[in-house]
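> Supplied in structure tokens, the structure appears directly below.
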Amino acid sequence: MKKTAIALCLAAFSATVTLGVAQANPAAMQPQQQQQVEITEAKLLQFTMAMDAIGEIGAKYEAEFQSAESAEQAQQIQQQAQNEMVEAVESAGLTAEQYNAIAQQAQQDEELRERILSMSRADS
Numbered sequence: 001m002k003k004t005a006i007a008l009c010l011a012a013f014s015a016t017v018t019l020g021v022a023q024a025n026p027a028a029m030q031p032q033q034q035q036q037v038e039i040t041e042a043k044l045l046q047f048t049m050a051m052d053a054i055g056e057i058g059a060k061y062e063a064e065f066q067s068a069e070s071a072e073q074a075q076q077i078q079q080q081a082q083n084e085m086v087e088a089v090e091s092a093g094l095t096a097e098q099y100n101a102i103a104q105q106a107q108q109d110e111e112l113r114e115r116i117l118s119m120s121r122a123d124s
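Here the sequence shown is numbered in the UniProt record's numbering, starting from 1 and rising by one per residue.
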């Protein structure tokens, strides 16, 4: 169950932050190779801290987003959540691009995903 939650969190945040970065920087939408990130233990710890914070932010805004009365209100809530998520990633010591690169690699690399899961459990 927790594996699924982490996978969903990785996928959802990757899409959310990518969208947020693209809105802030239209050049980010141009096709380009994903930033290569050397995945050290320190980077994984930063990633795990950011991922946990993002999960909390997502939970905080989920009910508010679900009860939005208009598309505009939903968009405002989503933007606010995105901003907080980007701040959480940066507070953990990563850029949104680095976080996305690690998340993307974790989706494709089961060993990396297991390392992240293990670190997340140790943090809890």
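Glycine included, every Cβ here is placed at the ideal spot set by N, Cα and C.
Alpha carbon to alpha carbon, what distance is there between Q79 and A68?
13 Å
> Smallest Cα separation from K43: which of S91, I57, A63?
S91
> Would S70 be called buried (16 or more neighbouring beta carbons within 10 Å of its own) or exposed?
exposed
> Counting beta carbon pairs with one atom in the segment 79 to 89 and one in the segment 49 to 64, are three or more of them shorter than 8 Å?
Contact between the segment 49 to 64 and the segment 79 to 89 is present, with at least three C-beta pairs closer than 8 Å.
> Among A59, M85, M119, which has the Cα closest to the Cα of A96?
In terms of Cα proximity to A96, the closest of A59, M85, M119 is M85.
> Thinking L112 and Q105 are a contact (beta carbons under 8 Å), I'd like their distance in whole angstroms, please.
6 Å
> Shortest alpha-carbon distance to S118 belongs to which of F47, Y61, Q98?
F47
> So is A63 buried or exposed if we call it buried at 16+ other beta carbons inside 10 Å?
Answer is exposed; the Cβ neighbour count stays below 16.
> Contact defined as beta carbons within less than 8 Å: I believe Y61 pairs with A81. What is the distance between those atoms, to the nearest angstrom?
4 Å
> Could you check the C-alpha separation between V37 and A101 for me, to the nearest Å?
7 Å
> Are the CB atoms of A74 and F65 within a distance shorter than 8 Å?
yes
> Have a look at L94, E72, D123 and flag the residue whose alpha-carbon is nearest the alpha-carbon of I39.
L94
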